[in-house]
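Student: Letter by letter, the sequence shown follows residues 1 to 387 of UniProt numbering. Glycine residues also receive a C-beta, built at the ideal position from the N, C-alpha and C atoms.
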Amino acid sequence: LDWSVVRSMMTGCLCALLGWAGLLRLAPTGPAPRAIARLASREPARAVPNSVQAEAIRSRDRAVLVLASAGTGKTRVLRTRMAWLLLKQSVPSSSILAVTFSQHAAQQLQARVTAVAGPAAEGAWLGTFHSICWRMLREHHHHLALPPDFRVAAEADQLRLLTEAHAELVEARGGGSPALTRKRAAELLQRILHWKERSLDPLAVPPAHTPRPAAGSADAGGKPAAAERGDLAADSLARSLYPLYQSALALRGMLDFSDLTLRAVQLFDEQPQVLAAYRSRFQHVLVDELQDTSRVQYEWLRRITGQPVPGRPQQQPPFGRSGGAEQAVFVAADDDQSVYGWRGADRTNVLRFLSEFDGARVIRLTTSYRCSPHALSLQPPPRDTRA
Numbered sequence: 001l002d003w004s005v006v007r008s009m010m011t012g013c014l015c016a017l018l019g020w021a022g023l024l025r026l027a028p029t030g031p032a033p034r035a036i037a038r039l040a041s042r043e044p045a046r047a048v049p050n051s052v053q054a055e056a057i058r059s060r061d062r063a064v065l066v067l068a069s070a071g072t073g074k075t076r077v078l079r080t081r082m083a084w085l086l087l088k089q090s091v092p093s094s095s096i097l098a099v100t101f102s103q104h105a106a107q108q109l110q111a112r113v114t115a116v117a118g119p120a121a122e123g124a125w126l127g128t129f130h131s132i133c134w135r136m137l138r139e140h141h142h143h144l145a146l147p148p149d150f151r152v153a154a155e156a157d158q159l160r161l162l163t164e165a166h167a168e169l170v171e172a173r174g175g176g177s178p179a180l181t182r183k184r185a186a187e188l189l190q191r192i193l194h195w196k197e198r199s200l201d202p203l204a205v206p207p208a209h210t211p212r213p214a215a216g217s218a219d220a221g222g223k224p225a226a227a228e229r230g231d232l233a234a235d236s237l238a239r240s241l242y243p244l245y246q247s248a249l250a251l252r253g254m255l256d257f258s259d260l261t262l263r264a265v266q267l268f269d270e271q272p273q274v275l276a277a278y279r280s281r282f283q284h285v286l287v288d289e290l291q292d293t294s295r296v297q298y299e300w301l302r303r304i305t306g307q308p309v310p311g312r313p314q315q316q317p318p319f320g321r322s323g324g325a326e327q328a329v330f331v332a333a334d335d336d337q338s339v340y341g342w343r344g345a346d347r348t349n350v351l352r353f354l355s356e357f358d359g360a361r362v363i364r365l366t367t368s369y370r371c372s373p374h375a376l377s378l379q380p381p382p383r384d385t386r387a
């Protein structure tokens with residue numbers, strides 16, 4: 001182990017922390033140790049935001065979309081902007097709503113903003129879509145006839161309830177069908193969860209669609225190939241099980257994770273005064289990884305920011321106005337990748353944002369620091385293996 005390399009890497013990490021905190025011009029809480037002062041004097045260029053990153057952090061536009069590839073610092077920009085709002089703009093923490101996609105990202109955001117902003121960060125709503133919606137449903141459970149102590153079903157609960165719903169369906173149809181295997185139950189559950197992520201309740205799921213068979217895949221009668229017929233059968237069965245599964249959840253005072261966002265959207269639609277109160281409270285809405293959001297999560301974002309919903313009357317002040325106060329939205333997205341496509345992520349949400357938020361400012365981060373020359377310079381030179 002080359003300790004000179006380790007020391008250099010630690011120096012870079014510490015300087016990065018000092019440099020980004022410096023953007024906020026924070027006064028030191030005490031005299032800096034000499035070692036830290038020496039590190040600061042050797043601060044690498046990547047330790048401070050570049051001009052485009054700083055522009056995004058300090059933007060005063062009502063709608064901002066930060067587009068960036070991996071390694072360009074978009075998540076760091078988002079959390080530094082949150083600290084900038086708290087410390088430099090004196091925005092009350094209770095008026096900030098910051099949403100991330102994964103629990104790990106939410107924990108990191110919470111820890112790093114708190115480390116920089118300290119007590120000023122207390123009171124901000126910060127979490128995943130699921131945790132934020134869970135909190136909203138807890139506050140307003142009575143509007144949706146939910147028990148005050150409703151539980152979130154684990155995967156084992158979901159599979160068990162779906163299997164019981166299948167047995168109920170088989171009995172109602174006169175029996176004769178084998179019990180669901182765990183694998184089959186998991187496949188059917190994924191179909192139901194996919195519909196929920198598309199913002200479809202049991203009544204909104206379209207009838208099974210017969211796809212056009214690919215060349216050479218149809219049998220002599222022109223019917224879909226066996227695999228396609230199997231998919232249609234699974235869709236039809238899942239469609240029949242969906243309302244039974246929902247009833248089983250409700251009977252036990254449960255929601256699944258996809259229900260959290262779906263029911264929060266329902267709450268906003270059925271109780272406009274609740275939505276108005278949240279919109280009036282949250283003057284700054286920040287969202288990370290927009291490309292990984294599902295359709296129902298985008299519908300939630302659309303409502304919390306006052307965007308018109310097709311097919312529904314406009315009951316809220318338009319975006320930018322919320323109960324007499326201005327509202328701003330700041331989202332970050334990676335236009336090169338979508339990590340959670342298999343969970344119902346809808347990459348077209350980025351395009352929806354651009355088309356629906358009139359005048360949205362797009363800031364593109366193009367400089368990647370993941371494999372910067374500075375990082376490469378920390379690697380030890382190759383050994384001379386010649387005899």
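Give the single residue among Glu187, Thr181, Leu237 whose Cα lies nearest to the Cα of Val205.
Tutor: For the purposes of this step, residue 205 is taken as residue 205 along the sequence shown, with counting starting at 1. Ranking the options by Cα distance to Val205, first place goes to Leu237.
Student: Smallest Cα separation from Tyr278: which of Leu137, Ala360, Leu161?
Tutor: The residue you call residue 278 lines up with position 278 of the sequence shown. Of Leu137, Ala360, Leu161, the residue nearest in Cα terms is Leu137.
Student: Please name the residue in Leu87, Arg81, Arg60 whose C-alpha comes closest to that of Leu109.
Tutor: Residue numbering aside, residue 109 sits at position 109 when the sequence shown is read from its first letter. If we check each option's Cα against that of Leu109, Arg81 comes out closest.
Student: Quickly, what does DSSP pair Gly127 with across the bridge? List them, please.
Tutor: Within the sequence shown, residue 127 is the residue found at index 127, counting from 1. Answer by DSSP bridge pairing, in chain order: Val99.
Student: Confirm, please, whether the CB-CB distance from Ala98 to residue 435 is below 9 Å.
Tutor: The structure shown has nothing for residue 435, since the chain only spans 1 to 387.
Student: Excluding the five sequence neighbours on either side, which residues of its own chain have a C-beta within less than 8 Å of the C-beta of Val265, listed in chain order?
Tutor: By 1-based counting over the sequence shown, the position of residue 265 is 265. Excluding residues within five positions, the ones whose Cβ falls inside 8 Å are Ser199, Val296, Glu299, Trp300, Arg303.
Student: The beta strand (DSSP E) spanning Asp334 covers which residue range?
Tutor: Here residue 334 is taken as the residue at index 334 of the sequence shown, counted from 1. Taken as a continuous stretch (DSSP letters only), the beta strand (DSSP E) holding Asp334 covers 328-334.
Student: Does DSSP put Arg173 in a helix, a strand or coil?
Tutor: If you number the sequence shown from 1, residue 173 lands on position 173. Reduced to three states, the DSSP call for Arg173 is coil.
Student: From the DSSP secondary-structure annotation, give me the bridge partner or partners of Arg302.
Tutor: Locating residue 302 in the sequence shown gives position 302, where the first residue counts as 1. DSSP lists no partner for Arg302.
Student: Excluding five sequence neighbours on each side, which residues of the same chain lie with their C-beta closer than 7 Å to the C-beta of Ala158?
Tutor: Position 158 of the sequence shown, counting from 1, holds the residue named residue 158. Per the sequence presented here, residue 158 reads as Gln, with Ala not at that position. Answer for Gln158: Leu189, Asp256, listed in chain order.
Student: For the beta strand (DSSP E) holding residue 388, just list the boundary residues, first then last.
Tutor: No information on residue 388 is available, as it lies outside the stretch 1 to 387 that the chain covers here.
Student: May I ask you to list the residues that DSSP assigns as paired with Arg151?
Tutor: On the sequence shown, position 151 is the one that residue 151 refers to. DSSP lists Met254 as partners of Arg151.
Student: Would Phe330 and Ser102 qualify as a contact pair, given that the criterion is a beta-carbon distance under 9 Å?
Tutor: Counting from one through the sequence shown, the residue named residue 330 turns up at place 330. Counting from one through the sequence shown, the residue named residue 102 turns up at place 102. No, Cβ-Cβ distance for Phe330 and Ser102 is not below 9 Å.
Student: Is the beta carbon of Ala100 sitting closer than 9 Å to the one on Glu289?
Tutor: As a working note, residue 100 is residue 100 in the sequence shown. As a working note, residue 289 is residue 289 in the sequence shown. Sequence check: residue 100 is Thr here, not Ala. Cβ atoms of Thr100 and Glu289: closer than 9 Å.
Student: My output table needs one value for Ser368: the three-state DSSP class, helix, strand or coil.
Tutor: As a first step, residue 368 must be located in the sequence shown, where it is residue number 368. Coil, per DSSP.
Student: Any idea what DSSP makes of Leu275, helix, strand or coil?
Tutor: If you number the sequence shown from 1, residue 275 lands on position 275. Leu275: helix per DSSP, three-state reduction.
Student: Whole-angstrom Cβ separation of Phe282 and Leu65, contact assumed at under 8 Å?
Tutor: Reading the sequence shown from its first residue, position 282 is the one you call residue 282. Reading the sequence shown from its first residue, position 65 is the one you call residue 65. So it is not a contact: roughly 18 Å between Cβ atoms.
Student: In chain order, what residues of the same chain lie with their CB nearer than 6 Å to the CB of Phe268, ignoring the 5 residues before and after it?
Tutor: Numbered from 1 along the sequence shown, position 268 holds the residue referred to as residue 268. Hits under 6 Å: Leu275, Arg303.
Student: Rounded to whole angstroms, what is the Cα-Cα separation between Pro148 and Leu249?
Tutor: As a first step, residue 148 must be located in the sequence shown, where it is residue number 148. As a first step, residue 249 must be located in the sequence shown, where it is residue number 249. When rounded, the distance between both Cα atoms is 15 Å.
Student: Does Val113 pass the burial test, meaning 16 or more other C-beta atoms within 10 Å, or should it be called exposed?
Tutor: On the sequence shown, position 113 is the one that residue 113 refers to. The residue is buried, with at least 16 neighbouring Cβ atoms inside 10 Å.
Student: With Leu251 and Glu168 assumed to form a contact (beta carbons below 8 Å), what rounded beta-carbon distance in angstroms separates them?
Tutor: Taking the first residue of the sequence shown as position 1, residue 251 is located at position 251. Taking the first residue of the sequence shown as position 1, residue 168 is located at position 168. That pair is no contact at about 12 Å.
Student: Would DSSP call Arg81 helix, strand or coil?
Tutor: One-based indexing of the sequence shown puts residue 81 at position 81. Note: Arg81 maps to helix in three-state DSSP.
Student: Compute the distance between the beta-carbons of Val362 and Leu78, then report whether it is under 9 Å.
Tutor: As a first step, residue 362 must be located in the sequence shown, where it is residue number 362. As a first step, residue 78 must be located in the sequence shown, where it is residue number 78. The answer is no: Cβ separation not under 9 Å.
Student: Classify His130: buried if its beta carbon has 16 or more other beta carbons within 10 angstroms, exposed otherwise.
Tutor: Locating residue 130 in the sequence shown gives position 130, counting from the first residue. When all chains shown are included, His130 counts as buried.
Student: State the Cα-Cα distance for the pair Leu241 and Ala360, rounded to the nearest angstrom.
Tutor: Start at 1 with the first residue of the sequence shown, and residue 241 comes out as number 241. Start at 1 with the first residue of the sequence shown, and residue 360 comes out as number 360. Their Cα atoms are separated by approximately 42 Å.
Student: Excluding sequence positions up to five away, which residues of its chain have a Cβ less than 6 Å from the Cβ of Cys133?
Tutor: Walking along the sequence shown from the start, residue 133 turns up at place 133. Taken in chain order, the residues that qualify are Leu260, Thr261, Ala264.
Student: Quick one: measure Cβ to Cβ for Ala234 and Arg182, integer angstroms, because I've assumed they're closer than 8 Å.
Tutor: Counting from one through the sequence shown, the residue named residue 234 turns up at place 234. Counting from one through the sequence shown, the residue named residue 182 turns up at place 182. Not quite, the Cβ-Cβ distance comes to about 15 Å (not below 8 Å), so this is no contact.
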